[in-house]
Structure formats: C-alpha cells, structure tokens
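Protein chains in written order, with full-length UniProt numbering: chain F, 1 to 397; chain W, 1 to 397.
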C-alpha cells in the first residue's frame, strides 16, 4: 500500500546504474585496471589540504556543543557573508549575506528554487537538452512540468527559435546549466545577453516574472581561459544554484547555496520563501561542520588542472581518430556523436572493449554519448587505443 | 510571482522564533545570565570524545577522495550494517543492512516515509496532540492531510476511542513520537500493544496496510529505568525514524535513519521507494564524513545524565510549588498546565520574570506550556525562585 507515484518512479530503469554495475561485475572478471568506466561524474582529486585542516581545527578547538549544533535555516550568517564577499571579489557584485541561502548541495538548491516558484501541474520550467536527468525528478517533486527544448547540436548553445515558441503564461523559469553536464558547453556572453533580452521581452508580454535558474556546480571548472558570464549581472530575476562538490571535491558533504540578487523582483520575500520551501522538503539545516569549513575556504579550489589536461588529451585524440565532438569549455565531460544513430547500440559495442559510456538518450539527446574524464590521466592514455579500435570497427563495417 | 502556497507558509507566524528573538533582545538589556530561555530543544552536552576522534581519524588517515565522496542513496553499506547490528544487540531483533536506510536527520526520515505512503490530498496520516509542529509542514510537503487526535492530558498516552473513530479508508499511517516532544511522555508497553491490536483489526477491516511511523529522536533519553518498547517487535508495518542529533549531540550534522523491518508488508519495495521519495525531495545522499563517524560510534551516547538530573530537580520543584505536570519519562521537556486557561497569556506573564516558555497551542495542546530543560543545571536552580514568584502572583490574584 505504498504511494503509486513513488513506486512507479522507483521502478524506472536507471541506465547509469546499470553501467556502473556492469563495470563492477566486469572488473571482477578482467581486473579493475582493464575496465574503463567513463560513466561516473565524481571528482577524482582530493579536497585542498586547507579544507581538512580547517575541519580538524573546528573539531579540536571549536566550542564542543556549538560546532555540531543546529544552524539557522538560511545558513550560518558568517558563512553567508564570506560567500557573498568572495563572489563580490570574483564578479564585481555587491552581495551581502542576505543574498546567500545555504543549501544541502546544488540538488537541494534546485529543489528549493522549483518549489518556491511553482504552484501546480500547469506551471512549467523550461530547460535545454542535453540536461541532467534528475531535473525531471525535481520537477515531479515540485509538482510542475519540465519542458525540454531539443539540443542545438552544432555548438550546444541555445536554440532561441524553439525557446521563444515554448515560452507561455505557464512558464515560471528557464533552467540553464553552464558549464553543462553532459556536453561540457559553456554559454557564451552573447548567448546570455540574447537569453536575457528574450526573457525581458517575454516577462512584459506575459505580465509576470520569468526566472533564470542557473545550475552552476561546474563554475570553477572552465578551460582555456574562458570567462564565465555571471548571470545575475545580465538578468535581474536570476537564482544561481551552486555546490562546493566539484570545486572543493567534497560531494559527499552536501554543501551548496542559492544566490538571490537584491534586484530580483521578489527579493523581499525570497529568503522566507526558500526557508518555507526547504521545510516542505523536510530540510532543517545545512550540515554544520562543513558549512563552517567552506566559509573559511570559500576562495580555494582543489587542484583542478588535471581536468584541463584530461580534456586536452582526450578531446584532441578522439578528434584525430575521427570522432565528432564539440570541444568542451568546462565541466569534466566529452559529448561526442555516437558512431551509429542509436547511441545505446554504440555503447553496447564499446562495452566489448571495456569502454563504459552513457548514451545521450538519458540526457534528452539521442545519438550522442557522455564520457566523464574525471579520472587519472593514465586511464585515458590506456583507453585511447581502445577508442581507436572501436572507430576502426565502424570503418570496416 | 512566487508560489502562493509557499509564500503563505513563509508568512506564518512562528511563536518559537518570536520567543527566541525576544530572549536575544532581552539578554542585551539585562544580560544573558538573567534571561531563562526554556524555549529551545537543543542538546546542551557535547558529543562523546570518540565522535570527534573518529572524525579526525577519517580526515587524516582515510582515502582523501573517498572520505568526502558521494555515498549511495541508501547510505554506506558498512554503516547500515553497523546500525543493524547495534539495534540487534539492543532490541533482540534480526536486522540486516537492508533494513536500514540512512537519512539526513529524522526530519528527512519522516518526509521520506510520508512521501512513500501517500498519493494525494485525500490520503491521511493520524497523529496525537501534543505534537511536533513541523509534522504539519511535512504533511503539506507530501501533499496529504495530517489528522490530529486531541491530547489525553491525564497521562499523555493515547485516546483510543478517538483514534478508533478517526481511522478510515484514507488512513495511511499513524505517527507516534515517544518519548514525546513536548510532553516527555513515554508510551507504555500496554499502549503499544493496544495500538498494535487496533491497527491489526483496522487493516483487515479496511483492506490495506496502515503503517506506524515511529519518530524516535529521543529514544536514548529515558528516565528512571523506563524500558522503551521497540515498536517493530509489536507491529510488523512499522517504520522507525531515528536521529543521532540528541543521542550523540550532533544535531547540526544531520544524520539519521529509517528502520524498515523485513516483516513489513511492502518490504520488498520499501528501499527502492525510499530512494525514489528522497530523489523527489531533492536529496542525493547523507553527509559522508559524519555518516562514517556514526557507523563507528553507533553504540555510544553523549553523557545524557544531566537530563535526568535536570528532570528530577525541575519536575519535583515545580510540583512542590503547586504546578500541575505529568512526570516525563524521557526527552528533555516538561509540559505543565498553564496557571490560567490561556497559555499564551501565561507565557506573557512569565516573561516579566524573564522565564521563556512555549505555549502548548503550538503543539496542538492549548492550556499547557513546554519547558525545555536541556540547559546547565545551574540555570534551572537560578530560575526556580522565579517560578515560585510566578505561581505566587497567581495565588494572590
């Protein structure tokens, strides 16, 4: 006598989990060093030493009750203030603690933003393929519709014609994710300016605000000197969802935040609404110790240089072999075209070489595959000849 | 253009927050040592030394990437196994890791249980006054109805006549909280047996399962040798929601779990449904480091003896002065009758003595007040003459 809706979701086939389990089984047969699991998007570098030192300092020198005590719903004031000041240094903004709402990772940040903006099943959030599949689940949780604009596969920027046609009176927000999982694309300043202009126009036409929800867990992982536009500097009604999972390599500790800029239309209500939305999701507060730790380490990142090295090596090698792929500007994914129309069949064939990749179908973008390169560089070096054999097999067909 | 429902919740007046803020303001005027804030239910004793030592050990000696890495949705297998074995030692059960689902505190455990059992607004969960007010918010979040059975104020056990009358085909679960916040009552074995028997009968009558959701954050805080019945040993369809917040004094770290006994009717689906419910609530995984820490410290508790000492001192002193109060069996609250019918007016009068208490109205039990005694014993000693003055004022009226 369980919830029918939740039971249905629980029964849905998870492609990524299947690949992971296949990899585990296969590792038992041929040895873990011979299975090339490029399916998982976990940071492969440790947290900066300062993160661990700061945690130990709080444990050993902090007030023994307060260090593990409840923190306020919106987060610790000093941590929010530290985040605001760090953002100001980076993006020439003028945030205060009041603009920052701490969350249990970016997932909670997105869940809270969705819940804060929608009222019922007719309400709609628009996003763009390829997209992180859990967005569908968060939308279901908030009780609204997620409308997906098909991918613009030439550059993985935005198909503005289709976006304009999709916006309606039911549109509450447009969800973007740049650097993107799975494509690695970074939206250019031109894309952001055009998006801002379109939404300004549509807001006036429709008569209510349309928010940009900017999911930015990969903000610190950008390549080749690319400068990431800070969205609230281009569009007032922006909610930024951030996580320290990737930048500080602490995904398990679940620390993130929402930026709510003062110039957002509903700013006076936003913090209170975030708190209420969090309570509806049964959140209480953000983990205490690592919340304090990120407050002290907010300007640091892990040594992320391995991702640039991996991207350079992997991308250029695949292109040279003849794979088609848009060069990623950030994140730690390649998103090449599969060598046959059905990416699932392609991934099955790749498995014969013990190359594990995720079909783009999972991300709303059939015909492509996601390759996560957050792995030691040697793994990529060892896998490259297998990618060559794979494409050779297709050439011989 | 925010969610109307969430905006409405965000505007709801929080009595406990008002008291807290009054206390802060008043402390500025007369000094913190002269304000007796008995409104807050935070542990007042530190975590056991082993908790901190274990955390430092993992940080310094653990695999530097894995220690802060994502953990699986259901929690770390070894931690779940350690919890199961600890419960087996305590309650002569035969739990395995599969019976344990780690959660981000008891709040998340309750949110996940609600979401897992209900499908729509006609579905109903029954609880008993006095009750933790956030239960209403979690029910709203799950999209179901919370039906409250009025308090049985003679002993704060269960009013079975009213419960029986309230159960209908829409009843999905009965939510209990023993030791209770705010009354401190512990349900006797007789109460649990009677509840189990009634629900067995009603399940057959109605033709579907009715779960007991047992919210047990105060399980380790019981007094005078009282033995707490382990609910799944009396009733198969029980889901236990536990938190380490009070037992290990780490409320800010947000670690708890659900017990799903193998004999529960829907056991084969339960773990998968909990995972799906958690995803709908935008959870990803339980904080990694402290999840590992509780796994290693699962048999420990903080030194909880101060709560027994405080209960003895405070309860007997109030009774001697002439207050009416049921002696608590656990938790760290007294729930005496207000000295006038309107508990809000009584609390206002108490404020003149800088005694801060929470009116029972917040807990669905008007005419009573909650006194949290998770404070240093000296604070209580210093406050007792003021309680005397307060009752004297009423006697003189």
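Note that CB positions come from ideal geometry on N, CA and C, so glycine has one too.
Chain W contact residues for residue i, given Cβ-Cβ distances below 7 Å
i                      : result
residue 59 of chain F  : 52, 55 and 56
residue 138 of chain F : 282
residue 21 of chain F  : Those do not exist, as residue 21 of chain F stays about 12 Å from chain W at its closest Cβ, beyond 7 Å.
residue 208 of chain F : 1
When the options are compared against residue i, the one with the closest alpha-carbon
i                      : options                       : result
residue 5 of chain F   : F/155, F/78 and F/143         : F/143
residue 172 of chain W : W/212, W/274, W/344 and W/105 : W/212
residue 271 of chain W : W/72, W/65, W/7 and W/63      : W/72
residue 235 of chain W : W/259, W/284, W/84 and W/125  : W/259
residue 223 of chain F : F/24, F/186 and F/252         : F/186
residue 90 of chain W  : W/317, W/356 and W/298        : W/298
residue 139 of chain W : W/150, W/122, W/340 and W/192 : W/122
residue 42 of chain W  : W/181, W/153 and W/30         : W/181
residue 70 of chain W  : F/40, F/67 and F/68           : F/40
residue 199 of chain W : W/210, W/183, W/56 and W/190  : W/210
residue 101 of chain W : W/382, W/167, W/273 and W/378 : W/273
residue 82 of chain W  : W/326, W/300 and W/338        : W/300
residue 134 of chain W : W/240, W/109 and W/357        : W/109
residue 362 of chain W : W/343, W/373, W/380 and W/349 : W/343
residue 296 of chain F : F/1, F/13 and F/49            : F/49
residue 266 of chain F : F/237, F/251 and F/25         : F/237
residue 103 of chain W : W/321, W/353, W/287 and W/386 : W/287
residue 354 of chain W : W/47, W/26, W/17 and W/192    : W/26
residue 169 of chain F : F/193, F/161, F/192 and F/207 : F/207
residue 392 of chain W : W/365, W/356 and W/350        : W/350
Proximal chain W residues relative to residue i, where beta-carbon distance stays under 9 Å
i                      : result
residue 251 of chain F : 68, 69, 70, 284, 285 and 288
residue 360 of chain F : Residues of chain W passing the Cβ test: none, with the nearest at roughly 21 Å.
Test item: CB-CB of residue i and residue j under 8 Å
i                      : j                      : result
residue 158 of chain F : residue 114 of chain F : no
residue 95 of chain W  : residue 87 of chain W  : yes
residue 371 of chain W : residue 38 of chain W  : yes
residue 112 of chain F : residue 281 of chain F : yes
residue 398 of chain W : residue 294 of chain W : Because chain W here runs from 1 to 397, residue 398 of chain W falls outside it and cannot be looked at.
residue 290 of chain F : residue 319 of chain F : no
residue 106 of chain W : residue 262 of chain W : no
residue 330 of chain W : residue 130 of chain W : no
residue 241 of chain F : residue 214 of chain F : yes
residue 252 of chain F : residue 68 of chain W  : yes
residue 334 of chain F : residue 373 of chain F : yes
residue 202 of chain W : residue 176 of chain W : no
Where residue i falls, given that 16 or more other Cβ within 10 Å makes a residue buried
i                      : result
residue 246 of chain F : buried
residue 276 of chain F : buried
residue 197 of chain W : exposed
residue 230 of chain F : buried
residue 309 of chain F : exposed
residue 120 of chain W : exposed
residue 34 of chain W  : exposed
residue 28 of chain W  : exposed
residue 226 of chain W : exposed
For residue i, the three-state DSSP class (helix, strand or coil)
i                      : result
residue 122 of chain W : coil
residue 102 of chain W : strand
residue 241 of chain F : strand
residue 86 of chain W  : helix
residue 93 of chain F  : coil
residue 192 of chain F : helix
residue 397 of chain F : coil
residue 186 of chain F : coil
residue 392 of chain W : helix
residue 246 of chain W : coil
residue 128 of chain W : strand
residue 143 of chain F : coil
residue 299 of chain F : coil
residue 204 of chain F : helix
residue 330 of chain W : strand
residue 284 of chain F : coil
Interface partners of residue i on chain F, CB under 7 Å
i                      : result
residue 2 of chain W   : 116, 117, 266, 269 and 273
residue 110 of chain W : 282
residue 141 of chain W : 280, 281 and 282
residue 7 of chain W   : 269 and 273
Cross-chain neighbours of residue i in chain F, by beta carbon under 9 Å
i                      : result
residue 204 of chain W : Correct list: empty, because the minimum Cβ distance to chain F is about 13 Å.
residue 183 of chain W : Result: empty, since nearest Cβ-Cβ is about 22 Å, beyond 9 Å.
Residue i: contacting residues in chain W (beta-carbon distance under 8 Å)
i                      : result
residue 464 of chain F : This structure leaves residue 464 of chain F out entirely; chain F is present only between 1 and 397.
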